[in-house]
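Protein chains in written order, with the numbering used here: chain A, 230 to 324; chain B, 230 to 324; chain C, 230 to 324; chain D, 230 to 324; chain E, 230 to 324; chain F, 230 to 324; chain G, 230 to 324.
Pasting the structure below:
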């Protein structure tokens with residue numbers, strides 16, 4: 230089983246279902262403890278959302294399937310945290 | 230019942246009733262624990278407000294109905310947090 | 230009785246009485262626990278102040294009357310927090 | 230007696246006495262618990278200082294007299310906090 | 230054994246395997262307690278990632294080997310923390 | 230005895246002795262509990278340093294003498310905190 | 230013995246040995262409790278690093294010797310903290 234504790238996903242979706250349904254469904258998955266969804270960009274037909282998922286031993290395949298079932302598609306995985314505890318990104322002078 | 234803990238709504242409203250009435254009414258809804266309303270833009274006839282609603286098992290339909298009853302209309306749902314605890318958005322380099 | 234816990238008001242006033250009198254008078258109102266006043270703009274005759282009022286079950290009518298009695302006028306209500314606890318505004322990507 | 234807990238003053242002064250004397254003298258006033266003075270601008274003859282005074286039931290008249298006695302003059306009162314506890318200014322979208 | 234507690238690495242990798250595999254594998258190494266990976270830049274063939282690894286007595290050779298085995302290459306080591314506790318970088322006026 | 234708790238000084242010095250000697254010497258003065266020195270500007274012959282000194286009942290004359298003895302000269306006193314506790318500067322809209 | 234608790238050094242070094250070796254070696258010195266090294270600039274032959282060293286009664290001569298032994302040279306000492314506790318730099322309006 231994985232050691233993944235947080236995932237940040239860039240997802241493209243139709244306007245329906247709303248991000249409320251997305252958040253509620255994703256929060257209902259096993260081992261997911263919290264979900265944060267913010268809208269990044271909206272146009273006439275689709276919207277870009279940023280999904281932060283926290284939990285323990287997160288299973289990407291289940292998450293991906295849930296998003297697909299809701300009609301969304303994951304454009305990219307932008308951040309992953311794994312291990313025994315959370316560690317935030319450290320700023321450097323090469324950023 | 231949903232697992233929604235926070236909603237951020239972009240609402241268009243007439244000047245009356247004031248955001249005090251909006252905040253007070255929304256804070257009175259079941260399972261809502263706190264409401265924050267800031268004015269974003271004002272013109273002669275309408276104003277744009279940003280409504281942050283916190284609670285447990287928030288029911289969007291009830292909130293939407295309350296805002297409609299007050300004469301406002303929800304333009305967009307900009308952020309949703311769901312799950313067993315609050316998680317803020319994680320900054321990434323793709324923002 | 231309302232559930233209002235914080236109000237931010239944009240107030241126009243003459244130079245006299247000073248913001249010390251304003252803060253002291255507003256802090257003396259029932260159910261007001263704290264007042265913060267900052268000067269935003271000053272011209273020859275008037276000044277624009279930003280008034281943050283915290284308390285429990287704040288009564289807008291009493292606050293408005295007090296400001297009027299001091300010779301000021303409320304230009305706008307810019308922020309309201311209501312409910313069982315304080316919640317700050319959540320930043321989004323639509324701000 | 231007032232409920233003033235913090236005052237921020239914009240003061241014009243000669244180079245002498247120094248801001249050390251100002252801080253020390255103001256901190257010695259009754260009901261003043263702490264004083265912070267920063268230099269804002271300096272020219273050949275005068276300097277502009279920003280004085281933050283914290284305490285309980287602060288008396289503006291005594292503070293003003295002390296500053297006058299030291300040779301300074303209060304240009305403006307830029308911030309006042311009053312009440313049962315300290316509340317900082319809340320940022321809004323009208324700032 | 231080293232006293233290294235945190236490493237920040239700039240890594241170039243193919244799109245596959247994903248950063249989830251990278252984070253999971255690196256978090257599985259001995260003495261690694263947490264891993265944070267953010268995507269910095271993406272092009273058609275490769276992507277640049279920033280890897281923060283926290284632990285005790287981190288062994289760079291093992292980490293380097295793991296990244297190589299995954300098909301990635303370390304471009305640079307951008308930050309190192311060593312010793313009995315974590316110390317963040319102190320900002321100076323020469324930065 | 231004064232009530233001064235923090236002083237920030239702008240000091241001009243030769244390259245020698247180093248800021249290590251300055252910090253060590255100033256930290257050794259009576260009633261000084263901590264010293265922070267950052268280099269602001271360096272040229273061929275002199276350097277500008279910013280000295281933050283914390284303590285209780287700080288004596289400016291002793292501090293000034295120490296700096297003089299080290300060959301430095303105080304260009305300006307940029308901040309003073311006095312009283313029963315530390316208070317940081319409060320931001321205002323007139324800054 | 231000195232009262233130095235933190236040093237920030239600007240060091241020029243060859244690419245080898247790596248900053249991992251530098252951090253590990255410096256963290257191994259007596260009375261050093263933690264070391265943070267960030268890369269500031271890199272060119273073909275050398276790199277500029279910023280070294281933050283924390284401890285008690287730090288001995289600059291030992292640190293300087295260690296860096297020299299590793300082949301690096303200290304360009305400047307950019308910050309020093311000394312005394313009974315750590316104090317960060319206080320921002321002023323003359324910075």
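Don't be surprised by glycine CBs; every beta carbon is placed ideally from N, CA and C.
- Query: How is residue 297(B) classed by DSSP in three states: helix, strand or coil?
  - Reply: helix
- Pick from 270(F), 300(F), 321(F), 262(F): whose alpha carbon is nearest that of residue 236(F)? 262(F)
- For residue 241(D), I'd like the list of residues in its chain whose CB is within less than 7 angstroms of its CB, leaving aside the five on either flank, ordered along the chain. 275, 277, 301, 302, 304
- In terms of residues, what are the limits of the alpha helix (DSSP H) holding residue 250(F)? 248-256
- Message: Between the alpha carbons of residue 287(B) and residue 323(E), how many angstroms are there, rounded?
- Response: 50 angstroms
- Three-state class that DSSP yields for residue 290(D) in the structure shown: helix
- Query: Using the C-alpha atoms, what's the distance from residue 312(A) back to residue 244(D)?
  - Reply: 59 angstroms
- Query: Is residue 308(E) close to chain A, meaning its C-beta is less than 8 angstroms from at least one C-beta of that chain?
  - Reply: yes
- Message: Residues in the same chain with beta-carbon distance under 6 angstroms from residue 280(C), minus the five sequence neighbours each way, listed in chain order, please.
- Response: 238, 240, 266
- Message: Cβ closer than 9 angstroms: which chain B residues qualify as neighbours of residue 291(C)?
- Response: Residues of chain B passing the Cβ test: none, with the nearest at roughly 13 angstroms.
- Alpha-carbon spacing of residue 291(A) relative to residue 318(D), whole angstroms: 45 angstroms
- What is the DSSP secondary structure of residue 234(C), counted as helix, strand or coil? strand
- Is DSSP giving residue 278(B) helix, strand or coil here? strand
- What residues of chain D sit near residue 317(F), judged by a beta carbon separation below 9 angstroms? 265, 281
- By DSSP, does residue 272(A) sit in helix, in strand, or in coil? coil
- Which residues mark the beginning and the end of the beta strand (DSSP E) in which residue 304(E) is found? 302-312
- Task: Can you grab the Cα-Cα spacing for the pair residue 271(D) / residue 250(E), in whole Å?
- Result: 59 angstroms
- Query: Mapping DSSP to helix, strand and coil, what is residue 283(A)?
  - Reply: strand
- Query: How many angstroms separate the CA atom of residue 310(C) from the CA atom of residue 273(C)?
  - Reply: 34 angstroms
- Query: Can you find a CB in chain C that lies within less than 8 angstroms of the CB of residue 268(A)?
  - Reply: yes
- Note down, in chain order, each residue of its chain lying with its Cβ closer than 6 angstroms to the Cβ of residue 264(B), except the 5 sequence neighbours on either side. 252, 255, 256, 282
- Query: Apart from the five residues on each side of it in sequence, which residues of its chain come closer than 6 angstroms, Cβ to Cβ, to residue 307(E)?
  - Reply: 237, 239
- Task: Using a Cβ cut-off of 7 angstroms, pull out every chain F residue sitting near residue 256(D), in sequence order please.
- Result: 232, 311, 312
- Residues of chain I with a CB under 8 angstroms from the CB of residue 305(G): which are they? The question asks about chain I, but that chain is absent: this structure's protein chains are A, B, C, D, E, F and G.
- Do residue 315(C) and residue 260(C) have their C-beta atoms within less than 8 angstroms of each other? no
- At a CB-CB cut-off below 8 angstroms, which residues of chain A make contact with residue 243(E)? Simply none; closest approach about 14 angstroms.
- Out of 285(E), 289(E), 293(E), state which residue places its alpha-carbon closest to the alpha-carbon of residue 232(E). 285(E)
- chain E residues whose Cβ lies nearer than 7 angstroms to that of residue 274(G): Within chain E, no residue comes near residue 274(G); the closest Cβ sits about 15 angstroms away, beyond 7 angstroms.
- In three-state terms, what does DSSP make of residue 316(E)? coil
- Message: Can you pull the chain A neighbours of residue 240(E), defined as C-beta to C-beta under 8 angstroms?
- Response: Ordered by position in chain A, no residue passes the 8 angstroms Cβ test against residue 240(E), which lies about 12 angstroms from the chain.
- Interface residues of chain E facing residue 235(G) [CB-CB closer than 9 angstroms]: 316, 319
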